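Trainee:
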Amino acid sequence: MGAYILRRLLLMIPTVVGIMAVSFLVVQFAPGGPVERVIAQFSGMEVSATARVTGSAQGDFAGQQTQQSDTAGEDEITSRYRGAQGLDPAFVRQIEKQFGFDKPPLERFFYMMWNYLRFDFGDSYFRDISVIDLILEKMPVSISLGLWMTLISYGISIPLGISKAVRDGTRFDVWTSGVIVIGYAIPGFLFAVLLIVLFAGGSFLDLFPLRGLTSENFATLSWPAKVLDYIWHITLPIIAMAIGAFATTTLLTKNSFLDEIRKQYVVTARAKGLGERQVLYGHVFRNAMLIIIAGFPGAFVGAFFGGSLLIETIFSLDGLGLLGFESVLNRDYPVVFATLFIFSLLGLVVTLISDLTYTWVDPRIDFETREV
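Laid out in structure tokens, this is it:
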């Protein structure tokens, strides 16, 4: 097992590098960029844009913005960026240097990966904060959403799926299947809007808050009141996020148990006089749960990061999903690539943990004898 874990850890390196390389290559062909964004902000005379450029560059801009370049080299510099006509090429080069775009793409990629291997993610282009501090600031919201959604979804889906498998074809199975199909068909963001209309002061009841993860006076509350306040705020977002995963995991659990119940070893166990509960939880459970365990990493990582984007937006929750979306729109590449690197690495690690859990659930599985 030790050799298998070592091989998997070593394979993570080229996997992460490959993910980052493809993403970096795609960004090179994407229109726009941080340099163009700053140029556009300067053209509109936005104060927020000037805060990101050094004082000397601002002085050069104030004194030379009306000058036109006469050389071919200067024309080439300004023509690379939309809206740069009329700006002093030296000023444009200053912006390029500030963002690191004065170096060739390949050099920038290797420099970025060298820093990332040392977990040095640099600073945000357009926020006065380091990337790692920005991620840590947004992480509690995403952890709350992803963790609670996964626990609640699995906590309800697995017992319900087992009950449906045991009672396959009964009235209970039929009406619960109808509820599950409806839940699967409703998009999470649409259900979130419905919850707001019904329970958050939309058109009917005003029982739950519409914004944030806690109240403004959260710090002054006693710890029991803090727990209740937190649950009060998180209820609607969690329900909206869990509905789709709840349906999928329930049907997956039911089908997995049905496949195992129909196998010969179950018939043999019953023939030996074992009770139905012993057969179900002593033999069927650990085999049927393998496929559920296999789906856990993807469900957790998806809910922890990408799956929470729309829910975070609708309920005004400032988490990692919303951060990543805004960073892509703003071309804040350090934040984009840092979040991609962290969650790619996290996904690979969680997948390895899932494989190791296989051996705990079913000791017959031996990864040492399998080629990686």
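Positions in the sequence shown are counted from 1; adding 168 to them yields the numbering used here.
Here a beta-carbon is modelled for each residue, glycine too, at the ideal position from N, C-alpha and C.
Owing to the predicted nature of the structure, the values given are computational and were not obtained by experimental measurement.
1) Hey, how far is the Cα of THR418 from the Cα of PHE372?
2) Whole-angstrom Cβ separation of LEU488 and VAL184, contact assumed at under 8 Å?
3) Tell me whether GLY186 is buried or exposed, calling it buried when 16 or more other Cβ atoms sit within 10 Å of its Cβ.
4) Per DSSP, what kind of secondary structure is ALA585 in: helix, strand or coil?
5) Are the segment 294-302 and the segment 486-506 touching by the rule of at least three beta carbon pairs closer than 8 Å?
6) Per DSSP, what kind of secondary structure is ASP291 in: helix, strand or coil?
7) Between ARG445, HIS451, LEU420, which lies nearest to VAL434 when the distance is taken from Cα to Cα?
8) When DSSP builds the beta bridges, which residues end up paired with ALA360?
9) Determine the direct distance from the alpha carbon of ILE303 to that of LEU177, and round the result to whole angstroms.
10) For a test of the three-state rule: what should DSSP assign to SER298, helix, strand or coil?
11) If we require 4 or more residues per run, which alpha helix (DSSP H) segments fall completely within the segment 391-456?
12) Distance, Cα to Cα, LEU362 vs LYS394?
13) My parser needs the alpha helix (DSSP H) runs of 4 or more residues fully inside the segment 317-348; what are they?
14) Rounded to a whole number of angstroms, what is the C-alpha to C-alpha distance between PRO182 and GLN266?
15) In angstroms with no decimal places, state the Cα-to-Cα distance between VAL347 and PRO405.
16) Taking the alpha helix (DSSP H) that THR183 belongs to, which residues open and close that run?
17) Just verifying my parser: in three-state terms, what is the DSSP assignment at ASP270?
18) Are the segment 373-386 and the segment 407-422 touching, with three or more C-beta to C-beta distances below 8 Å?
19) If ILE311 and PHE414 are in contact, beta carbons under 8 Å, what's the gap, nearest whole angstrom?
Mentor: So, from the data block:
1) 31 Å
2) Their Cβ separation, rounded to whole angstroms, is 18 Å, which puts LEU488 and VAL184 out of contact at 8 Å.
3) exposed
4) In the structure as shown, the chain begins at 169 and stops at 540. Residue 585 is therefore absent and cannot be evaluated.
5) yes
6) strand
7) HIS451
8) In DSSP, ALA360 forms no bridge with anything.
9) 24 Å
10) strand
11) 391-429, 432-439, 444-447
12) 27 Å
13) none
14) 30 Å
15) 20 Å
16) 170-197
17) coil
18) no
19) In fact, because the Cβ distance is near 20 Å, the residues do not count as touching under 8 Å.
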